[in-house]
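Number of protein chains: 2
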Amino acid sequence: MTLPVVLVSHQPPDPIRDAFRGVLAGAADVVFLPELSDASRNDVLRTARAVMTYHPIRDLGVNALRKLENCGLMQCLTAGIDYLPFGDLPDHIAVAYNAGAYAEPMAEHVAAMALSASKRLAGEHRLMRQGEFNQFVPTKRIAGMTCGILGYGETGREVARIMRALGMNIQAINRSGKTDEPVDFIGTLDDVDHVLAASDVVVITLALTSATERLLEAAQLKEMKPDAILINVARGEIVDEDDLYAHLIAHPDFTACLEAWWVEPIRHGRFETAHPFLDLPNVIASPHNSAMTDGALITAAERGAENVLRFLNGETPRFIAGDDVRMA
Amino acid sequence: MTLPVVLVSHQPPDPIRDAFRGVLAGAADVVFLPELSDASRNDVLRTARAVMTYHPIRDLGVNALRKLENCGLMQCLTAGIDYLPFGDLPDHIAVAYNAGAYAEPMAEHVAAMALSASKRLAGEHRLMRQGEFNQFVPTKRIAGMTCGILGYGETGREVARIMRALGMNIQAINRSGKTDEPVDFIGTLDDVDHVLAASDVVVITLALTSATERLLEAAQLKEMKPDAILINVARGEIVDEDDLYAHLIAHPDFTACLEAWWVEPIRHGRFETAHPFLDLPNVIASPHNSAMTDGALITAAERGAENVLRFLNGETPRFIAGDDVRMA
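Structure follows, in structure tokens:
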């Protein structure tokens, strides 16, 4: 029996190659596009049932995309797919995003930022270097505080699991406004102001869509507690850059923890901010590296391959990108 | 019926005064030394059954201590009592320390330091300011790592509770070498090398005694993993200052998180280090302020008063300072 072909658009390192082949063993013939001869390339593109890719346009190109006649699923390996130009993709191929691909390491990164801000680690280290030893400066107790999670999907729920373990109460926003999990409040985007006002820590784990772009502008930031901690591990564009900077200047007790940026190398080829966020004492910055833990890329690859396996087995794949998560 | 007198050696703020009186209501007459008239002072000293104090020598003075004829318990309100000159205290008074007084906020501070180091928060922020955006720099996953806890008392067990919730395995050291808690290893000071070698994160929550002073010198640091994280929230003197500095220079992937220092304001009147620890990229420093969360001083006062209540009720008070916890 000939196995269906699953085409990988790039040449991953061995552990990820092994992850793909491990999950799809016996169910598919996993083929890597850069390794194909010119002669076999067109045949493989025509017969492939599914594609796994980080970036279909960049890695396959528009010409190759047109040849995917038998392909039913484009499995993206990234959690966010806001960068995808859906108009350039063939209509007959369903696109799936890799929801929660990096949920566990991202949730730990969120906890690190929330705790670091609560305990004033960066700020007091700096003051100690200047000769101040503020033994009586108050720090915040995490237990008992409220964590608002904007985007209660795979990653948001893993954030909640850790924050709950630290003793926090959870208020959350998702598409349905429903959850089976033990939250203190669950709502939809209509309830953002309520969650912002109630939360000591606000974590953004939303997908960037036309509905979430600039979700937090001056008016929403004003709803937040003056000493709140805002953590963005999703996409810079969900928060208005100018408004956030102005808010940080006006509210020195407010902390922004920025892992996701407005202009960053992987999406824009460079790192750039419209304001000197990195010079503010109430900013904690990280270079969008929360997913870079040992094994995280392998876990992400396995999750993607498992969704392809669902598709090949005739099940409905998870996380198909409907109009509501499409940015372009 | 006349209630026994409990003497407080200082004049605390109202919430702490209320905490003392709340716990001891109906069981003792709580009196504050600075509020006594000269006439009543000697009488109160003679009749007091117990004293609550931050520092008996400084707050009472040697002359007043000699007058405590009927006092059976000196309840210190600090968790560590290494600063106490036991030779100057009357022999007939048992001294209790306030074990775990700040366990919960200290454990959160430890988690903040362990996560901040694992996720390279301080280091990558600094590099971003220098123009580096290291999106692919590896960070560590906390879950699955091993946390070694040197001093598995009240504070150490609270540290373990949080670290376990973050998915860490626990190896620990205490006086008895026994525990009912779910640890992967429990031993005594004889097993320090084993715990150091096995741990990714090592937390010091020991009391400073002649047995723990300089417990970690060059030889012990050498047992540790080259990229381990050492967190000291107890007393600087438990780690050899020169050896730690040399180890940090020789092992750039090793991180020291220092909340407790060798020469610090509350014990020595000044902050001073023998080496420029604060300039090292692999040091996270905090000004011994982990206990300064809202309500923590009240919780500590209540714990102290509860131990005095045990004594007044004829029970054995907890955490009596035996020879093994006496430094001087």
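Order-wise, the sequence lines are chains A and B. Okay, so the first sequence: first residue is 538 according to my numbering, each after it adds one. Okay, so the second sequence: first residue is 538 according to my numbering, each after it adds one. Yeah, the Cβ is synthetic: ideal placement off N, Cα and C, and Gly gets one too.
Among the residues facing chain A, Gly-832 of chain B is included, as its CB has a counterpart in that chain under 9 Å away. One Cα belongs to Ala-735 of chain B, the other to Val-588 of chain B, and the distance between them is close to 43 Å.
Short of 6 Å from the beta carbon of Arg-855 of chain A, and not among the five residues preceding or following it, lie these beta carbons of its own chain, in chain order: Asn-844. Shown in chain order are the members of the region 668–690 of chain A whose Cβ falls below 9 Å from a Cβ of chain B: Gly-668, Glu-669, Phe-670, Asn-671, Gln-672, Phe-673, Val-674, Pro-675, Thr-676, Lys-677, Arg-678, Ile-679 and Ala-680.
Rounded to the nearest whole angstrom, the CA to CA distance from Ala-744 of chain B to Val-696 of chain B is 15 Å. Within chain B, no C-beta atom comes nearer than 8 Å to that of Met-611 of chain A; the closest sits roughly 24 Å away. When rounded, the separation of the alpha-carbon atoms in Gly-806 of chain B and Trp-799 of chain B is 12 Å. Between the beta-carbon of Ala-828 of chain B and that of Ile-553 of chain B there is about 13 Å, and that puts the pair past the 8 Å contact cut. Counting only runs of 4 or more residues that sit fully inside the region 743–816 of chain B, the alpha helix (DSSP H) segments are 755–760, 778–787 and 802–805, in chain order. Annotated as proximal: Val-776 of chain B and Leu-767 of chain B, with beta-carbon spacing under 9 Å.
The secondary-structure analysis by DSSP pairs Ala-838 of chain A with nothing; it has no beta-bridge partner. In the DSSP assignment, Asn-579 of chain A falls within the alpha helix (DSSP H) that extends over 575–584. Straight-line spacing of the CA atoms in Lys-762 of chain A and Glu-750 of chain A works out to 22 Å. When rounded, the separation of the alpha-carbon atoms in Ile-803 of chain A and Gly-609 of chain A is 28 Å.
Under a criterion of Cβ atoms nearer than 8 Å, the residues of chain B adjacent to Ile-821 of chain A are, in order, Leu-658 and His-662. In the DSSP annotation of this structure, the continuous segment of the alpha helix (DSSP H) that includes Met-700 of chain B starts and ends at 691–702. Annotation: the continuous beta strand (DSSP E) that includes Gly-724 of chain A extends over 722–724. The alpha-carbon separation between Gly-617 of chain B and Leu-652 of chain A amounts to approximately 25 Å. Asn-579 of chain B has a beta carbon lying at 9 Å or more from every beta carbon in chain A.
Residue-level contact check: Asp-816 of chain A touches chain B, since one or more beta carbons of chain B fall below 9 Å from its beta carbon.
Put simply, the CB of Ile-835 of chain A is far from chain B, with every gap to its CB atoms at 9 Å or more.
Ala-576 of chain B counts as exposed, since fewer than 16 other beta carbons sit within 10 angstroms of its beta carbon. Chain-ordered, the chain B residues with CB closer than 7 Å to the CB of His-646 of chain A read Lys-656. Under DSSP, Met-829 of chain A forms no beta bridge with any residue. Against chain B, the beta carbon of His-825 of chain A has neighbours under 9 Å at Phe-670 and Gln-672, listed in chain order.
Comparing alpha-carbon positions, the option among A:Glu-801, A:Ile-699 and A:Tyr-689 lying closest to Met-705 of chain B turns out to be A:Ile-699. With respect to His-646 of chain B, Val-770 of chain B sits close: the two C-beta atoms are nearer than 9 Å.
When secondary structure is reduced to three states using DSSP, Ile-553 of chain A falls in the helix class. For Glu-691 of chain A, same chain residues with a beta-carbon under 7 Å away, outside a window of 5 residues either side, are Ala-636, Gly-637 and Ala-640 in chain order.
In the three-state DSSP reduction, Asp-728 of chain A falls in the helix class (H, G or I).
Under the 10 Å beta carbon count, Val-542 of chain A is surrounded by 16 or more other beta carbons and is classified as buried. Shown here, Gly-609 of chain A sits in coil according to DSSP, grouped into three states, outside any helix or strand. The Cβ neighbour count for Val-820 of chain B, taken over all protein chains shown within 10 Å, is at least 16; the residue is labelled buried. When the alpha-carbon of Gln-757 of chain B is set against those of B:Val-739, B:Ala-644 and B:Ala-633, the nearest one is in B:Val-739. With the criterion set as a beta carbon lying under 8 Å from some beta carbon of chain B, the members of the region 697–711 of chain A are Ile-699, Ala-702 and Leu-703, in sequence order.
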